[in-house]
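Student: Numbering (my numbering), first residue to last: -10 to 651.
1. Relative to the alpha-carbon of residue 408, which residue among 177, 92, 374 has its alpha-carbon at the smallest distance?
2. Check whether the Cβ atoms of residue 363 and residue 353 lie closer than 8 Å to each other.
3. So residue 442 packs on residue 480, CB below 8 Å; how close in whole Å?
4. Is the separation between the beta-carbon of residue 460 and that of residue 445 shorter than 8 Å?
5. Between the alpha carbons of residue 157 and residue 426, how many angstroms are there, rounded?
6. Can you list, in chain order, the residues of its chain whose CB lies under 7 Å from that of residue 84, leaving out five sequence neighbours each side?
7. Determine which residues share a DSSP beta bridge with residue 410 and list them.
8. May I ask you to report which of helix, strand or coil DSSP gives residue 2?
9. May I have the straight-line CA-CA distance separating residue 2 from residue 73, to the nearest angstrom?
10. Helix, strand or coil: which one does DSSP assign to residue 180?
11. Can you name the start and end residues of the alpha helix (DSSP H) that residue 265 belongs to?
12. Would you kindly work out how many angstroms separate the C-alpha atoms of residue 384 and residue -6, rounded to a whole number?
13. Measuring CA to CA, which of 317, 209, 148 is closest to residue 76?
14. For residue 86, is the classification buried or exposed, using 16 other Cβ atoms within 10 angstroms of its Cβ as the cut-off for buried?
15. Using the rule of at least 16 other Cβ atoms within 10 Å of the residue's Cβ for burial, across every protein chain shown, is residue 417 buried or exposed?
16. Classify residue 454 as buried or exposed, calling it buried when 16 or more other Cβ atoms lie within 10 Å of its own Cβ.
17. Which of helix, strand or coil does DSSP assign to residue 349?
18. Over what stretch of residues does the alpha helix (DSSP H) that includes residue -5 continue unbroken?
19. Is residue 12 helix, strand or coil by DSSP?
20. Going by C-alpha distance, which of 371, 415, 365, 376 is nearest residue 382?
21. Below 8 Å, how does it come out for the stretch 5 to 13 and the stretch 323 to 338: are there three or more Cβ pairs, yes or no?
22. Cα separation between residue 327 and residue 402?
23. Determine the closest residue to residue 396 out of 419, 405, 378, with distance taken between C-alpha atoms.
24. Assign residue 219 to one of three DSSP states: helix, strand, or coil.
25. Would you mind working out which of 294, 178, 470 sits nearest residue 437, comparing C-alpha positions?
26. To the nearest angstrom, how far is it from the Cα of residue 406 to the Cα of residue 109?
27. Contact between the stretch 242 to 261 and the stretch 222 to 229: three or more CB pairs below 8 Å?
28. Residue 271: buried (16+ other C-beta within 10 angstroms of its C-beta) or exposed?
Following this line, the structure appears as structure tokens:
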């Protein structure tokens, strides 16, 4: 199989990863709450009824935010039912999932659950804008966040929570575009109530972050029009707009299922374009970011029959999908899609956390275990913090029925303080290993710390109660990093995490501006023998790397694979004896037209009036030319001979020099 390739360069980044990208979701649905995170009487339960074995797995998973209480559930939710003494809380019918809600787990227990996870777990609270509105949202905010001195804040203290909950991130309803939603609204209706709710909530606390409901999927008939209408009303009042997407194979189309991230990336880019379009129409400098607060692999087609058969039970077994290796590979690819858009996707919530289409499964009164999807999420959360690098893949492709031609390789990379890089990669091929080669430009990394893969000879292999560790990540041998090139072989149908690091962690990390070019006399060229030791590149670095980036940007230099650049149409590779980063000098030339064949003197009056060329092509341009080191064997400081520039065929040597457009 042809080798897949891409280049990593810290000068070309997407954006910093927001920790909220690794959020999750707890809804009063099925066994997510009851016998999931909350099970009084379980052997591991604490005094609040929270399962300690589940808490340990949630910490290992690396969850940073938890959305609550829904979901469809929130459109019938009365927050006041979930506070106060448990014995006084009413039982309610949950219309969304045809279940009975006992309210034994409520707002106070949710905050206690987050505190037990650790300080990294942030609350993300949804308000009911389906059957309720502005007044109820304000009352909930006052109860949760106001310090004291009002009826509702004092009521919270009476209930045992003296300190405010400090909820900063709020969702203004859930999937209000969906006809299945209790209290479904048109875009105009929802935009108005969301704007009024946001305006009032900001009067209590101007620093709250608000998420407006976006489309429930890219396939919705109102998609894009819904976002545009809602944002027209709320653009200056909200910070994020939500996206929801779930994926499953349809009619046995596995090839399209494996390329599900193609749809997710398209969804993200289309919503970003819509947001920016509305911002431009409103002449606003503000950017609306994206909250992808529901995403997962979900075998949704069987859900409706399951829900319709229910007769208002408590905590029924619903949506308990058991994930295979193939599901985990698609799941990992969706994670990669989120990371590749970290500049605009600043919140994301895996739906859901426990039992319900979840990475963690439990048995009532029994153990908890990890699903196959647990491992890509935990590795991405642990090693995917930092700056996402711009990855442009050159990969073999395959054909899909839904998305056309798709790459076999789906990948991204995250750099931390230039000391380490983690490559996350998925091989979508079901039959063959995929050779991978990555060029590391501007990254002094020479050590592969770990290459971990999630794969199995049986793509349908799963973890179950009987075999909780049937599928786990395993180390991969043969991955190497030499001379700035990472090479690996990705197993068929696999999720891969490859970590590379600086072998000298004791040294202080370089500043972001370091590493442009020479300081002092250029060192002599290395010996011609390939086995000779290479000179230390750090001895030739200057403290301003940003100068190089500015010049490259001015010259419209296009990065090409493996350290090559393209300046005005000419691919250039630096000499082998040159350092990785060289200072650049700027020279300007202007374009002059070559004589036309057959009529060398035919020029328009406008062209003739401009010395040296036409008005359309007599353009001042920056031409990027690297300073070259002294030729091998010459005296130190001797400049290298300058190559003569070519002129266009037919132009005289006295005429202005010409250059092609980039």
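Glycine included, each C-beta is placed from N, C-alpha and C at the ideal position. Remember, predicted model here, so these are calculated numbers, not experimental data.
Tutor: In this structure, then:
1. 374
2. no
3. The beta-carbon distance between residue 442 and residue 480, rounded to whole angstroms, is 5 Å. This is short enough to meet the 8 Å contact definition.
4. yes
5. 43 Å
6. The answer, listed in chain order, is 65, 171.
7. By DSSP's assignment, residue 410 forms a beta bridge with 404, 489.
8. strand
9. 49 Å
10. Helix.
11. 249 to 270 is the span of the alpha helix (DSSP H), which, as asked, contains residue 265.
12. 6 Å
13. 148
14. So residue 86 ends up on the buried side.
15. buried
16. exposed
17. strand
18. It is not in any alpha helix (DSSP H) - residue -5 instead sits in the beta strand (DSSP E) that spans -7 to -3.
19. strand
20. Residue nearest to residue 382 within the set 371, 415, 365, 376 is 415 (criterion: CA-CA distance).
21. With a cut-off of 8 Å, the stretch 323 to 338 and the stretch 5 to 13 count as touching, because enough Cβ pairs lie within range.
22. 12 Å
23. 419
24. helix
25. 470
26. 21 Å
27. no
28. exposed
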